[in-house]
Every structure is written in structure tokens, then in C-alpha cells.
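Notes for the one structure printed next.
Residue numbers (this note's numbering): 7 to 100.
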């Protein structure tokens, strides 16, 4: 498994369906980049000026929205992951 460092998180990308409700399949070239994922690993947090770790805003299992072109794509065992800085996580979906 991937273990993120400092203020980074690893998310499992959640792909939207490849077919419309009317049954039309959407080709890869026409799809929007996914912006939603499940947090699978969280770093320890950024160290502040006092040498203390700042707490992370997300935890494993949270579903987050992230910036469209943020992070680094990684594929392991056929599963697409993204490594992001916590600042690129925009919101938690509840």
C-alpha cells in the first residue's frame, strides 16, 4: 500500500458511470476527469514552525472532492489512485 508523507493523502478515484441514463455509452475522450475519491491513506500532517504536527482535516474512509488537475496519478494492481496535498482536497461529501 502507499503511505503518504507529511500533509498528503492517497485517494481511490471514484469513476462516474460510463453510460447515460438513456443507455448511451460515453467514450473516454468525452469524459470529464473525475474529481471525487475515497481517502485510503493519510499522512501524519504538516509540521508547523513550533515543530508540532498540524492535524489533518480528513480521515480514511472520507469521500472528498478535489481540484480538477491536482495530484499525481498512480495505478497499482489495476486500481487508480491519486496522491494529493491536503490543500487540493476541496470538500468532504457526507
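The C-beta atom is built at its ideal place from N, Cα and C for all residues, glycine as well.
Rounded separation between residue i and residue j - CA only
i	j	result
residue 79	residue 15	12 Å
residue 77	residue 29	32 Å
residue 9	residue 61	17 Å
residue 52	residue 59	6 Å
residue 71	residue 57	30 Å
residue 41	residue 100	15 Å
residue 17	residue 55	28 Å
residue 47	residue 92	12 Å
residue 12	residue 86	21 Å
residue 105	residue 89	Outside the displayed range of the chain (7 to 100) lies residue 105, so it cannot be described from this structure.
residue 20	residue 66	15 Å
residue 75	residue 7	23 Å
residue 64	residue 82	22 Å
residue 43	residue 84	16 Å
Residues that residue i bridges to, as DSSP identifies them
i	result
residue 86	81
residue 95	72
residue 47	16
residue 42	71
Close-in-space but distant-in-sequence residues of the same chain around residue i (CB under 7 Å, 5 per side omitted)
i	result
residue 73	94 and 96
Residues near residue i in its chain [Cβ-Cβ closer than 6 Å; skip 5 each side]
i	result
residue 68	45 and 98
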